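Peer 1: The sequence shown lines up with residues 1 to 314 when you count with the numbering used here.
Structure provided below as structure tokens; questions to follow.
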Amino acid sequence: MLPWLAPYLADFGRWQQSQRLAHAYLLTGPSGVGKAQLAQQFALQLLCRNQVGCGQCHSCQLVKAGTHPDLHRVEPDGGSIKVDAIRALVGPVYSAALMGGAKVVLMHQADRLNLNAANALLKSLEEPPANTYWLLTSSQPGQLLPTILSRCQKLHLPAPPADQAQAWLQGQGIQASPALLRRFHGAPLALQRALADGYQEKVAKLQADLVALETRHLYPENFADRWHKEALFCLDELAHRLLDQARLARGLAPLYHDHLDRQERLGEEALTGLWQAVLGSRKQLLEQPAINSKWLLVDIAWQLMEGRSDNVVG
């Protein structure tokens, strides 16, 4: 168990022992703080024969193996959770538990419910079957129907204290500076995943391409060809870089980089304008999935090369 989750698990145990459990919980917080792990531990505790998540009883062993007949998992399929996934739960959750205890539904990324699925879930939450618990997780709870939010007991998981996160990462063999941890909003699991996915290598490649772009050894169309398949990563890194360069221009220390040269070519106003332009493109990318990410990056790359954004006057 992740050490910063222990207080939540202790609270849950007290609610369980005093029979004060809600029938539905929504675990919120930034990506990479352990919401899925905590929900899994809640499920283990609910289904454990000893009601403590002992890990030794037959029920706990089935949960760990992913074969417990009264534990039902729902996750996005093709980017969303569809109504058929919710309808498939009706039979199991409204029937007697196959092992005679509780029934648990684990739903990760609940904000991916499409409208029909959300309405189907709402009906089950409004008329909860006996001895059934819904455990939902979401990094974007604002995307959920307000009526679903009102039917769930909400538990918010913030990022752990930086020293605790760094100690845990060190135990995993990862040396993370405060700046690098801030880059991932203090979420140690997000940082761990990114490093395993070649984050540092990608950052080095992007840095080289940005230098080539600024010195006109790489043109915007070529830059976009290289990065459009990872447009969100590219825009995220650009936003953090430009913000830190704007801070340096104001005489402040960077937040997200341990070592960053001051951008002598551009002043604070230009850097802030470019930062705002990148944030605008990022927003478009997230809100309009069908948008042409290549041309989005071409536009940003031209602004970077010219050192002037559409947000800067004069």
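From the three backbone atoms N, C-alpha and C, an ideal C-beta is built for every residue, glycine too.
No experiment lies behind these values; they were computed from the predicted model shown.
Report back the beta-carbon spacing between Leu-27 and Thr-137 to the nearest angstrom; my notes put them in contact at under 8 Å.
Peer 2: With 8 Å as the limit, Leu-27 and Thr-137 qualify as a contact, their Cβ atoms being about 5 Å apart.
Peer 1: According to DSSP, is Val-52 part of a helix, a strand, or is it coil?
Peer 2: Reduced to three states, the DSSP call for Val-52 is coil.
Peer 1: Taking buried to mean at least 16 other C-beta atoms within 10 Å of its own C-beta, is Ser-59 buried or exposed?
Peer 2: Per the 10 Å Cβ criterion, buried.
Peer 1: For Val-74 and Val-105, which I take to be in contact (beta-carbon distance under 8 Å), what is that distance rounded to the nearest angstrom?
Peer 2: Sure, about 7 Å apart at Cβ, within 8 Å.
Peer 1: What number of angstroms, rounded off, separates the C-alpha of Ala-43 from the C-alpha of Leu-255?
Peer 2: Roughly 38 Å separates the two Cα atoms.
Peer 1: Excluding five sequence neighbours on each side, which residues of the same chain lie with their C-beta closer than 8 Å to the C-beta of Asp-225?
Peer 2: Only Lys-294 meet the Cβ criterion.
Peer 1: Which value, in whole angstroms, describes the spacing of the CA atoms of Ala-120 and Gly-273?
Peer 2: Straight-line Cα distance between these residues: approximately 44 Å.
Peer 1: Any idea what DSSP makes of Tyr-199, helix, strand or coil?
Peer 2: Reduced to three states, the DSSP call for Tyr-199 is helix.
Peer 1: Would you please state the rounded distance, in angstroms, between the beta carbons of Gln-16 and Gln-40? I believe it to be under 8 Å.
Peer 2: Actually they do not touch by this definition, with Cβ atoms about 16 Å apart.
Peer 1: When the Cα atoms are used, what is the spatial distance from Gln-245 to Cys-48?
Peer 2: Between Gln-245 and Cys-48, the C-alpha separation is close to 53 Å.
Peer 1: From which residue to which residue does the beta strand (DSSP E) around Tyr-8 run?
Peer 2: Element bounds for Tyr-8: not the beta strand (DSSP E) but the alpha helix (DSSP H), 6-17.
Peer 1: Can you tell me which of Glu-230, Gly-267 and Ala-97 puts its alpha carbon nearest to the alpha carbon of Asn-292?
Peer 2: That would be Glu-230, whose Cα lies nearest to the Cα of Asn-292.
Peer 1: Just to confirm before moving on: does the CB-CB distance between Ala-190 and Gly-32 stay below 8 Å?
Peer 2: In contact: Ala-190 and Gly-32 (Cβ atoms closer than 8 Å).
Peer 1: Between Val-298, Asn-116, Ala-179 and Leu-279, which has its C-alpha nearest His-259's C-alpha?
Peer 2: Per the Cα distances, Ala-179.
Peer 1: Can you give the Cα-Cα distance for Val-298 and Leu-213, rounded to whole angstroms?
Peer 2: Those two C-alpha atoms are separated by around 11 Å.
Peer 1: So if DSSP puts Lys-103 in a beta bridge, which residue, or which two residues, is it bridged to?
Peer 2: Its beta-bridge partners are Thr-132.
Peer 1: Figure out for me which residue from Ala-249, Val-211, Gln-200 and Arg-216 has the closest Cα to the Cα of Phe-233.
Peer 2: Cα-wise, what sits closest to Phe-233 is Gln-200.
Peer 1: Is the shortest distance between the beta-carbon of Gln-40 and the beta-carbons of chain C less than 8 Å?
Peer 2: The chain labelled as chain C is not found in the depicted structure, where only one protein chain is given.
Peer 1: Helix, strand or coil for Met-1 per DSSP?
Peer 2: Coil, per DSSP.
Peer 1: Can you give the Cα-Cα distance for Gln-61 and Leu-115, rounded to whole angstroms?
Peer 2: In a straight line, the C-alpha of Gln-61 is about 35 Å away from that of Leu-115.
Peer 1: Could you check the C-alpha separation between Leu-98 and Gln-207 for me, to the nearest Å?
Peer 2: The straight-line gap from Cα to Cα measures roughly 56 Å.
Peer 1: Just list the residues that DSSP pairs Tyr-219 with in beta bridges.
Peer 2: For Tyr-219, which the question treats as bridged, DSSP gives no partner whatsoever.
Peer 1: What is the DSSP secondary structure of Arg-73, reduced to helix, strand or coil?
Peer 2: Arg-73 falls in the strand class under three-state DSSP.
Peer 1: Between which two residues does the beta strand (DSSP E) containing Ala-24 stretch?
Peer 2: Unbroken beta strand (DSSP E) run through Ala-24: 24-28.
Peer 1: Please return the same chain residues whose Cβ sits closer than 6 Å to the Cβ of Ser-150, not counting the five positions on each side in sequence.
Peer 2: Cβ neighbours of Ser-150 beyond the five flanking positions: none.
Peer 1: Out of Lys-123, Met-107 and Glu-126, which has the shortest C-alpha to C-alpha gap to Pro-319?
Peer 2: Residue coverage of the chain in this structure runs from 1 to 314, which leaves residue 319 outside it and unanswerable.
Peer 1: If we ignore side chains and look at the alpha-carbon of each, how far apart do Leu-243 and Gly-280 end up?
Peer 2: So the two alpha carbons sit approximately 14 Å from each other.
Peer 1: Return the residue from the list Arg-250, Arg-282 and Trp-4 that minimises the CA-CA distance to Ala-270.
Peer 2: Minimum Cα distance to Ala-270 is reached at Arg-250.
Peer 1: For Ala-196, tell me which candidate among Thr-215, Val-211 and Gln-172 has the shortest Cα-Cα distance.
Peer 2: Closest by alpha carbon: Gln-172.
Peer 1: Among the candidates Leu-210, Gly-91, Cys-57 and Ala-6, whose CA atom is the shortest distance from the CA of Gln-37?
Peer 2: Closest by alpha carbon: Ala-6.
Peer 1: Reducing DSSP to helix, strand and coil, say where Gln-153 ends up.
Peer 2: Of the three classes helix, strand and coil, the one that applies to Gln-153 here is strand, per DSSP.
Peer 1: By Cβ distance, which residues of its chain are closer than 8 Å to Gly-314, with the 5 residues on each side in sequence left out?
Peer 2: Interpretation of Gly-314 is limited by its pLDDT of 28, a score under 50 that renders its predicted location unreliable; the figure taken from the coordinates is listed afterwards. The answer is none, since no qualifying residue turns up.
Peer 1: Excluding five sequence neighbours on each side, which residues of the same chain lie with their C-beta closer than 7 Å to the C-beta of His-185?
Peer 2: If we look at His-185 and ignore the five residues flanking it on each side, its Cβ neighbours are Pro-30 and Ala-159.
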